[in-house]
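Taken in order, these protein sequences are the chains called H and W.
By my numbering, the letter at position 14 of the first sequence is numbered 14, and the numbering carries on one by one without gaps.
By my numbering, the letter at position 111 of the second sequence is numbered 111, and the numbering carries on one by one without gaps.
Cβ atoms here follow ideal geometry from the backbone N, Cα and C, with glycine treated the same way.
Written below as C-alpha cells is the structure these notes are about.
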Amino acid sequence: MSPYTVSFIVLLFLVVLIAIGLVRWLRPALRALLEDVVVLPAGTEYYLRAFTVVIAFIALGAVADPSFNFKDNVRFMEYVWAVAHGLKSVFENLVIAVFVYTGLITILIAALRRKQ
Amino acid sequence: MSNETYLDVSYVAIGLISLGMGGLTYAILRVPFGALAESGMSRTSAEFLKRVQPAFFVLVASAGFFGVSYNYTGCGVLAYEQVVKDRAYLVKTNRRQVGSTADWLAAGVLVWSSVATVCVVTARRTRPEQT
Chain H
1 MSPYTVSFIV LLFLVVLIAI GLVRWLRPAL RALLEDVVVL PAGTEYYLRA
51 FTVVIAFIAL GAVADPSFNF KDNVRFMEYV WAVAHGLKSV FENLVIAVFV
101 YTGLITILIA ALRRKQ
Chain W
1 MSNETYLDVS YVAIGLISLG MGGLTYAILR VPFGALAESG MSRTSAEFLK
51 RVQPAFFVLV ASAGFFGVSY NYTGCGVLAY EQVVKDRAYL VKTNRRQVGS
101 TADWLAAGVL VWSSVATVCV VTARRTRPEQ T
C-alpha cells in the first residue's frame with residue numbers, strides 16, 4: 001500500500017471514531033436537555049439530527065481533503081505527522097461547531113427560561 | 001481514460017454528488033423542521049420557510065462546490081493545459097470540492113438551526129401552557 005493509502009485509512013478510522021464517540025457522548029444528555037426545555041418533540045428531533053449532520057459533515061470534510069504530501073522513503077513519524085495534520089483540521093472544525101451549537105442551545109434555553 | 005475526459009466526467013459527477021449532499025441534508029431535516037415551522041409560525045410563514053429550506057441547502061452545497069477552483073490557486077492562475085496534464089491535481093481538486101461542500105453544509109445546518117430556534121421560541125410563546 002502507498003503511504004497515502006495507509007495514512008488515509010488511519011485518518012478515516014480515527015475521524016470516524018472521534019465523530020461517533022462525540023455524538024454518543026453528547027447525544028443522551030442533549031436529548032434529555034432538549035426534551036426538558038423545548039418540550040416540542042419536533043424541536044428535539046430537529047436539534048438532534050442537526051447535531052449529528054454537522055458532526056458527520058465535519059468528519060467528511062476532513063477525510064475528503066487530507067492534503068498529504070509524501071516523498072520517497074517515508075519514515076514512521078511522517079505517517080504520524082500526516083495523520084496529525086488531518087486530525088488538526090477535524091478538531092479545529094469540531095471545536096467551532098460544538099461551540100456554535102452550544103451557543104445556539106444556550107440562547108434557546110435562555111429565551112425559553114426567561115419566558116417561564 | 002484521458003485526463004481531459006476524467007476532468008469532464010469528474011466535474012459533473014462531483015457537482016451532482018455535492019447537490020446530492022445538499023439534498024440529503026434537506027431530507028434529514030425536512031420533517032422535524034416542517035413540524036417546527038407549522039407549530040411556531042403562521043401558515044404563510046411556515047409555507048415560506050419550508051420552501052426556503054431546500055433552496056438554502058442546495059445553494060449552500062453549490063457554494064461549497066463552486067468555491068473550489070481548478071485554475072485559480074494561491075500562486076496565480078493556471079492555464080488549462082497545466083491543469084489537465086496532472087491527474088493527481090485533478091483528483092486532489094475533486095476531493096477538495098467534496099470537502100468544501102461538507103464544510104459549507106455543516107456551517108449551513110448551524111445557520112439554519114438559528115431559524116429553527118426562532119420557530120421553537122415562537123411556538124412556546126403561543127403555547128405557554130406546555131411549560
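Below 7 Å CB to CB, which residues in the same chain sit around Val160 of chain W once its five sequence neighbours on both sides are set aside?
Absent from the model: residue 160 of chain W. The displayed extent of chain W is 1 to 131, so no value can be given.
Roughly how many angstroms separate the alpha carbons of Met77 of chain H and Phe8 of chain H, rounded to a whole number?
About 15 Å.
Quick check for students: name the residue ranges of the alpha helix (DSSP H) that lie wholly in the stretch 26–110 of chain H, counting only runs of 4 or more.
Runs found: 41–64.
Just verifying my parser: in three-state terms, what is the DSSP assignment at Tyr6 of chain W?
Here Tyr6 of chain W sits in helix by DSSP.
The alpha helix (DSSP H) spanning Leu64 of chain W covers which residue range?
The residue you asked about is not Leu; residue 64 of chain W is Gly in the sequence shown. Boundaries of the alpha helix (DSSP H) around Gly64 of chain W: 43–66.
In this structure, does DSSP put Leu14 of chain H in helix, strand or coil?
Reduced to three states, the DSSP call for Leu14 of chain H is helix.
For Leu110 of chain W, go through chain H and note every residue whose CB falls closer than 8 Å to its CB, in chain order.
Taking the beta carbon of Leu110 of chain W as reference, the chain H residues within 8 Å of it are Ala50, Val54, Ala97, Val100, Tyr101, Leu104, listed in sequence order.
Establish whether the CB of Glu78 of chain H and some CB of chain W are separated by less than 9 Å.
No, its Cβ sits nowhere closer than 9 Å to a Cβ of chain W.
Here's the rule I'm using: 16 or more other beta-carbon atoms within 10 Å means buried, otherwise exposed. How should Ile107 of chain H be labelled?
It is exposed - the Cβ of Ile107 of chain H has fewer than 16 other Cβ atoms within 10 Å.
Using a Cβ-Cβ cut-off of less than 7 Å, list which residues of the stretch 20–45 of chain H approach chain W; keep chain order.
Cβ contacts with chain W come from Val38, Val39, Leu40, Ala42, Gly43, Glu45.
Leu17 of chain H burial status per 10 Å Cβ neighbour count (16 or more: buried)
So Leu17 of chain H counts as exposed.
Minimum Cβ-Cβ distance from Pro54 of chain W to chain H less than 9 Å:
No - not a single Cβ of chain H is within 9 Å of the one on Pro54 of chain W.
Tell me, please, whether the CB atom of Phe13 of chain H is closer than 9 Å to any CB atom in chain W?
No, because no Cβ of chain W sits closer than 9 Å to the Cβ of Phe13 of chain H.
What are the boundary residues of the alpha helix (DSSP H) that includes Ala107 of chain W?
Run containing Ala107 of chain W: 87–126, per the alpha helix (DSSP H) assignment.
Which residues of chain H have a Cβ atom closer than 8 Å to the Cβ of Asp103 of chain W, listed in chain order?
Phe57, Ile58, Gly61, Asn93, listed in chain order.
Partner residues on chain W for Ala84 of chain H, Cβ-Cβ distance less than 7 Å
In chain order: nothing, as chain W lies at least about 18 Å away.
To the nearest angstrom, report how far apart Val118 of chain W and Lys88 of chain H are at their CA atoms.
Roughly 33 Å separates the two Cα atoms.
Could you confirm whether any beta carbon from chain H is found closer than 9 Å to the beta carbon of Thr131 of chain W?
Below a pLDDT of 50, predicted positions are generally treated as unreliable, and Thr131 of chain W, at 44, falls in that range; the measurement from the model is reported next regardless. Cβ-Cβ to chain H under 9 Å: yes for Thr131 of chain W.
Less than 9 Å between CB atoms is the rule here; does Pro66 of chain H satisfy it with respect to chain W?
So, interface residue.
Determine the DSSP secondary structure at Gly74 of chain W, reduced to helix, strand or coil.
Gly74 of chain W falls in the coil class under three-state DSSP.
Proximity winner among W:Thr122, W:Arg124, W:Val115, relative to Phe33 of chain W (alpha-carbon distances)
Nearest C-alpha to Phe33 of chain W: W:Val115.
Among H:Val23, H:Tyr79, H:Ala42, the one whose alpha carbon lies nearest that of Thr5 of chain H
Distance check between Thr5 of chain H and each of H:Val23, H:Tyr79, H:Ala42 places H:Tyr79 closest, using alpha-carbon atoms only.
Under three-state DSSP, which class holds Ala13 of chain W?
Shown here, Ala13 of chain W sits in a helix according to DSSP, grouped into three states.
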